Amino acid sequence: MPCNLKRALLLVPLLVSSTAGKDAFEWPDPQQSGIVLVNVNHDIANYVRNHSDWFQSGELVLDLSVPNQPDLNAAERERAGIQQLLGAKGMTAGTYTSGTTVEPLASIKLWPYDRVPIEWMPKGFAAADSWPGDPERKIVDVTDRRTRRALQDGIRRLWQQCDAPIRFVDNAASHGSTGGKQPWEAYCANIHEIRLLGESLGSRMVFNVSVHMAMLSDVEAAQLIRAVGPGNGILLEDPWGEATRKSPELTRKAQARYRQFMEAGTAIVMLPVNIPVEALLDWVGTWRKPSDRLYAGWPFWKQPWDGRRPWEGTGLKSERAIQ
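Following my numbering, the numbering of the sequence shown begins with 228 at its first residue and continues without gaps.
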């Protein structure tokens, strides 16, 4: 039933064995393919078939999910078929997992499960809060070691069910600069432990971190770099926030932080949600080095810009900008 028991279905170029992972996975060359497809669902199959020129060999699908079904075999077959389609184009697909939230199994709508079922957690686990607008989805208290380890045991169980060379860990940390309520050090401890777990299973990881880079202290930056580890990555949904853009001083601090992370071997995916893509590209083009593992997050259902090389400072046509 789990993905790793359906080995025959998964013998495709992107997942060659249960050891496929950090030894087999190579980050795409950002000079050739500088975008990463984020939050991908089963509809990508139609886009690959109907718009094959939108996708290219070596491109990374950070996370691939299909609708959950009562018959998990059917969900696994659907995902394996999409993996095979992507593999034929030389594309690699990962999985999506929440790094701090749990939810009743009946509410989980995706396969592989996108968060640990609450039924897998011990009774009386420590919850820091409920997800806004979803009272049944609980945010775990990452300062509570017992709860944190139980969550990680659940993540291990999820990942053992479905091999992948890379794991996207969402909701990994929220810094005080973006409204985070739990201690940064505890968030980083959880990230570090999840990273070691993923590496033990042969995967790279990308952690979604809510933070304004210019607001990180030297200590906090060092904590996150150590937690993520070289060769893994972070995803930022507001990589050059409005307050930072309006301040030359904060912009210089953000640039310096990005360079610090790059020099430490961290891959970075920038998801431009609250900024015109052209503005972000032009700014990054002033400080990026060709060797940087720096990527722009992109929706699979939107036509990419010509050349798929986002950091050349050439800008985009406005109709292709992420809204």
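Think of the CB as a built atom: it goes at the ideal place given N, C-alpha and C, for glycine as much as any other residue. Just so you know, these numbers come straight off a predicted model, no measurement behind them.
Query raised in the report: Per DSSP, what kind of secondary structure is I271 in: helix, strand or coil?
Result: Helix at I271.
Query raised in the report: Does the distance from the C-beta atom of G524 to that of L498 stay below 8 Å?
Result: In this structure, L498 lies closer than 8 Å to G524 by Cβ.
**Report entry** Rounded separation between K336 and V293 - CA only
**Finding:** Going from the Cα of K336 to the Cα of V293 covers about 9 Å.
Report task. Spatial neighbours of D519 within its chain, please: CB distance less than 6 Å, with the 5 preceding and 5 following residues excluded, ordered by chain position. Result -> M489
Query raised in the report: Is it right to say N459 is buried, meaning 16 or more other beta carbons lie within 10 angstroms of its own, or is it exposed?
Result: buried
Query raised in the report: First and last residue of the beta strand (DSSP E) that includes N435?
Result: R431 to S437
Report task. Quick one: which unbroken beta strand (DSSP E) runs of 3-plus residues sit fully inside the segment 362–411? Chain order, please. Result -> 393–401
**Report entry** Rounded Cβ spacing between K316 and V275 (contact assumed at less than 8 Å)
**Finding:** Distance from K316 to V275 at the Cβ level is roughly 7 Å; contact confirmed, criterion being Cβ atoms closer than 8 Å.
Query raised in the report: Do you know offhand how far D371's Cα is from E426's?
Result: 23 Å
Query raised in the report: CA-CA distance, G308 and R394?
Result: 19 Å
**Report entry** Exposed unless 16 or more other CB atoms sit within 10 angstroms - verdict on T513
**Finding:** exposed
Query - Cβ-based burial, G261 [other Cβ within 10 Å; buried from 16] - result: buried
Requested in this report: Taking only the alpha-carbon atoms, compute the straight-line gap between Q409 and V438 and give it to the nearest angstrom.
Outcome: A direct Cα-to-Cα measurement between Q409 and V438 gives close to 13 Å.
Query raised in the report: On the three-state DSSP scale, how would you describe D509?
Result: helix
**Report entry** Where S284 falls, given that 16 or more other Cβ within 10 Å makes a residue buried
**Finding:** exposed
Report task. Answer yes or no: do V396 and G468 have a C-beta to C-beta separation smaller than 8 Å? Result -> Result no, Cβ atoms of V396 and G468 do not sit closer than 8 Å.
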